[in-house]
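Reading through the structure tokens given below for one structure.
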Amino acid sequence: IYSTRTRNAIISDAYAAALVDKVPYETIFEVLSYVKKEQEFLPWQEALNGFFNVLEFFGNEPESQSAKKFMLNLLEPIYKRSSLQHIADNYKKEDLFFEMNLEQAVIDGYCLLGSAECVANYKRLFDTQVLARCQGSGAKPSECSSVAAPLRAKTYCYGVKEGGDAVYKKMMELYLAESVQLEKDILRRALGCHKDISALKEWKVDRFLNRIQTGLAAAMPGFFMISEITFRQMFRIGFTRLMLLALDRNASFVRLQDVNDIFYSVSANPVGQEIIINFLLERWDQIYDGLMPEHRAVGKVIEAAAIGIRSQHQIEQASLPFVKYLKKHGKHASDFGDFDEIIEKSEHKVDWIKKHFRRLSEYFKKAVGE
Numbered sequence: 028i029y030s031t032r033t034r035n036a037i038i039s040d041a042y043a044a045a046l047v048d049k050v051p052y053e054t055i056f057e058v059l060s061y062v063k064k065e066q067e068f069l070p071w072q073e074a075l076n077g078f079f080n081v082l083e084f085f086g087n088e089p090e091s092q093s094a095k096k097f098m099l100n101l102l103e104p105i106y107k108r109s110s111l112q113h114i115a116d117n118y119k120k121e122d123l124f125f126e127m128n129l130e131q132a133v134i135d136g137y138c139l140l141g142s143a144e145c146v147a148n149y150k151r152l153f154d155t156q157v158l159a160r161c162q163g164s165g166a167k168p169s170e171c172s173s174v175a176a177p178l179r180a181k182t183y184c185y186g187v188k189e190g191g192d193a194v195y196k197k198m199m200e201l202y203l204a205e206s207v208q209l210e211k212d213i214l215r216r217a218l219g220c221h222k223d224i225s226a227l228k229e230w231k232v233d234r235f236l237n238r239i240q241t242g243l244a245a246a247m248p249g250f251f252m253i254s255e256i257t258f259r260q261m262f263r264i265g266f267t268r269l270m271l272l273a274l275d276r277n278a279s280f281v282r283l284q285d286v287n288d289i290f291y292s293v294s295a296n297p298v299g300q301e302i303i304i305n306f307l308l309e310r311w312d313q314i315y316d317g318l319m320p321e322h323r324a325v326g327k328v329i330e331a332a333a334i335g336i337r338s339q340h341q342i343e344q345a346s347l348p349f350v351k352y353l354k355k356h357g358k359h360a361s362d363f364g365d366f367d368e369i370i371e372k373s374e375h376k377v378d379w380i381k382k383h384f385r386r387l388s389e390y391f392k393k394a395v396g397e
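My numbering applies: residue 28 is where the sequence shown begins, and numbers increase by one.
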């Protein structure tokens with residue numbers, strides 16, 4: 028019987044070996060079948076981190092569904108023994124630290140993989156402990172929300188994601204009213220979780236727009252024609268507007284050091300991934316002028332833009348050639364080594380897909396009986 032640390036190391040080393048083609052990924056996932064009986068946090072953490080790194084290569088391709096089902100099956104036994112209430116009741120107990128971390132990691136993984144039941148549990152928590160308690164004008168979640176600290180980020184996120192227009196607008200109001208920076212950070216990230224297209228229209232009417240400098244509106248003529256254009260265009264304008272808000276130093280929407288949160292929120296959305304790389308290429312000067320002298324903030328935007336580059340077409344004919352051109356000719360772009368990282372990581376991603384995608388897709392389908 029191996030110790031907890033040894034099991035953790037074995038899983039970590041196996042993923043690392045597969046990444047450099049020393050061990051077949053199929054071998055790792057065969058070994059991981061044991062985790063249904065694993066009770067310790069560290070091995071589970073390593074198993075989940077490695078799996079989600081692999082899942083990232085699948086993007087939003089249909090084949091990703093079989094991969095998700097595979098991990099859902101492994102998570103199910105321990106998920107059924109876990110609960111949000113148990114975490115809320117026990118997270119402060121030092122002797123249960125690893126147990127609580129394990130429960131939360133499993134629940135969050137289960138939700139991320141698409142479990143409707145899991146998401147509904149978070150939504151129920153949001154409805155009863157946030158919306159029901161933070162009704163008044165000027166309400167501050169740091170004072171009115173009763174969600175346990177380790178559950179707040181996911182609770183707010185799934186609340187916004189599942190709640191539609193009214194919840195999105197309410198969370199924007201709570202964000203603007205909040206004065207505790209830690210809580211404000213959680214609320215801001217939650218706003219990036221919405222999936223309802225019509226929520227983007229709230230940028231037209233939300234009272235926050237009255238506090239934005241007129242120069243921002245001038246930079247986006249035609250925004251108020253949003254109802255007349257396609258869904259994809261609506262997403263494009265909504266996300267572009269959000270990123271422009273983040274870059275506008277005359278606005279009070281977000282602190283300079285938190286701008287990268289906005290860009291990572293956009294890049295987490297499949298449509299946003301396409302938009303953000305184009306935003307980088309088309310608005311480089313605005314990004315540079317809006318974020319400097321925070322060199323690292325500019326670098327984070329570049330990193331976020333690279334997330335959506337995953338196809339051979341993008342590498343050879345679309346996004347990446349323009350990235351290379353921008354690095355060479357853009358305003359001070361050659362000062363940012365992040366462009367070199369984009370190129371290297373993108374080429375590695377496509378190489379991985381060529382080597383492993385089809386074979387692993389077949390493995391996961393067979394493993395889940397499809």
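C-beta atoms are modelled at their ideal positions from N, C-alpha and C, and glycine is treated no differently.
Work out the CA separation of residue j and residue i for me, nearest whole Å.
i, j, result
"G165", "S361", "46 Å"
"A176", "P70", "24 Å"
"A147", "A333", "32 Å"
"L59", "R268", "43 Å"
"E56", "L158", "According to the sequence displayed, residue 56 carries Phe and not Glu. So the alpha carbons of these two residues sit roughly 41 Å apart."
"A94", "D285", "33 Å"
"E374", "S294", "19 Å"
"I114", "F391", "32 Å"
"Q313", "I329", "13 Å"
"D135", "F280", "28 Å"
"K376", "R34", "28 Å"
"C161", "G299", "30 Å"
"I8", "L347", "No answer is possible for residue 8: the residues shown for the chain start at 28 and end at 397."
"E126", "F306", "43 Å"
"L209", "Y185", "18 Å"
"F68", "A278", "43 Å"
"V194", "S109", "27 Å"
"I303", "L139", "22 Å"
"Q92", "V50", "24 Å"
"T31", "Y137", "23 Å"
"K372", "E389", "25 Å"
"S169", "T182", "14 Å"
"K393", "L102", "18 Å"
"D365", "D378", "20 Å"
"K107", "E130", "10 Å"
"D40", "R386", "21 Å"
"V350", "L308", "7 Å"
"T155", "H221", "19 Å"
"E397", "F384", "17 Å"
"S172", "Q66", "32 Å"
"E88", "A273", "30 Å"
"L111", "R215", "23 Å"
Suppose the cutoff is 7 Å on Cβ atoms and the five residues either side in sequence are ignored; what does the same chain contact list for residue i look like?
i, result
"K211", "Y202 and E205"
"F359", "Note that residue 359 is His in the sequence shown, not Phe. Y315, listed in sequence order."
"E189", "V146 and K150"
"K381", "none"
"V187", "V194, Y195, M198, A217, L218, C220 and H221"
Return the Cβ separation of residue i and residue j in integer angstroms, given the expectation that the two are a contact with Cβ distance under 8 Å.
i, j, result
"K63", "P104", "5 Å"
"I38", "E73", "4 Å"
"A45", "Y52", "5 Å"
"F290", "K327", "7 Å"
"F153", "V395", "That pair is no contact at about 31 Å."
Which residues in the same chain have their Cβ closer than 6 Å to the Cβ of residue i, if we skip the five residues on either side of it in sequence?
i, result
"G357", "W311"
"E83", "none"
"S292", "G219"
"S225", "The predicted model places S225 with a pLDDT of 43, which falls under 50 and marks its position as unreliable, so this point remains unresolved."
"A180", "I213"
"V207", "S169"
Along the chain, where does the alpha helix (DSSP H) that runs through residue i open and close?
i, result
"T31", "T31 to L46"
"Q66", "Taken as a continuous stretch (DSSP letters only), Q66 belongs to no alpha helix (DSSP H), as it is neither H nor E."
"F56", "Y52 to V58"
"C145", "A143 to F153"
"L111", "L111 to N117"
"Y195", "R179 to A204"
"G396", "Segment: none, G396 is in no alpha helix (DSSP H) and carries neither H nor E."
"P168", "P168 to C171"
"C220", "Segment: none, C220 is in no alpha helix (DSSP H) and carries neither H nor E."
"M127", "F124 to L139"
"K120", "That residue, K120, is in no alpha helix (DSSP H); it is neither H nor E in DSSP."
"D378", "D365 to W379"
"A331", "H322 to A333"
Taking 8 Å as the limit between beta carbons, can you name the residues of its chain near residue i, skipping five residues before and five after?
i, result
"L283", "R276, L318, E321 and A324"
"M247", "Note that M247 scores a pLDDT of 41, beneath 50, so its modelled location is shaky and nothing firm can be said."
"L99", "Y137, L140, G141 and S142"
Any 3 or more C-beta pairs closer than 8 Å across the segment 73 to 82 and the segment 118 to 125: They do not touch, by the three-pair rule.
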